[in-house]
Each structure stands twice: as structure tokens, then as C-alpha cells.
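Quick note: the sequence shown uses the working numbering, first residue 74, plus one each step.
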Amino acid sequence: AVLAALVARYEGRGVAPVEVAGGWQFRTAPDLAPALTRVLERPRRLPRAVMETLAIIAYHQPCTRVEIEEIRGVSLGQNVLDTLIEASLIAPRGRKEV
Numbered sequence: 074a075v076l077a078a079l080v081a082r083y084e085g086r087g088v089a090p091v092e093v094a095g096g097w098q099f100r101t102a103p104d105l106a107p108a109l110t111r112v113l114e115r116p117r118r119l120p121r122a123v124m125e126t127l128a129i130i131a132y133h134q135p136c137t138r139v140e141i142e143e144i145r146g147v148s149l150g151q152n153v154l155d156t157l158i159e160a161s162l163i164a165p166r167g168r169k170e171v
């Protein structure tokens, strides 16, 4: 009776009591989950080497790994490209004809 009254009291609010695994939890209302996700999402900070590589690719695209290394003056670690691909900031496009 008390729990039913509590559920009724929180109906239509931002949080609501929900029965989970034999107990109760307050959870975000399902219709507010996307908005809450956007608020809690933090912008991802990219390391300097990754930002430099991204700038080179943006300016000289399409370019190869060797061209990026020549411009930067240092060898390019695979983790730099993996980070950019994982973040959907670049996409491999095959091989360049020489």
C-alpha cells in the first residue's frame, strides 16, 4: 500500500521508484534518459599528437601514413590512427597510387 502510494506520487516526474530484483530503486524516467545522457556526456579531449594528426589529415586529405609522418617529422604510432578511427573522425579509404 505504501509503495503503491509512492509510485503514484512520483508518476509523471523525472524520477520514479522501480522494482528491481526483489527491491526498489529510484530511476530516471525513461522519457528523460536521452536528455540526461547529453548533459552527463563530457566532450572527449584528444591528446596533442592525435590533434596534430587530425589537422594534417584535414588539410592534406587524402593522405597516407607516410605523408603524415613526413609532415610531423616523427613516426606515427598506430594508436593515434586507432583513436581517430574509433572516434569516427577519419575512415580508411584504401591505398594511394604513387
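No residue lacks a Cβ here, since even glycine has one placed at the ideal position from N, Cα and C.
- By DSSP's assignment, A89 forms a beta bridge with R100.
- DSSP places V75 inside the alpha helix (DSSP H), whose first and last residues are 75-83.
- Sorting W97, G87, R121, R117 by C-alpha distance to the C-alpha of A108 places G87 at the top.
- For A122, the enclosing alpha helix (DSSP H) covers residues 121-133.
- L154 is positioned such that its CB atom lies no closer than 8 angstroms to that of L127.
- Going by beta carbons, L149 and R138 fall inside the 8 angstroms limit.
- Around the beta-carbon of V123, 16 or more other beta-carbon atoms lie within 10 Å, marking it buried.
- Beyond the five residues adjoining it in sequence on each side, A164 comes within less than 8 angstroms, by CB distance, of I158 in the same chain, given in chain order.
- When only Cα atoms are considered, E140 and A160 end up about 22 angstroms apart.
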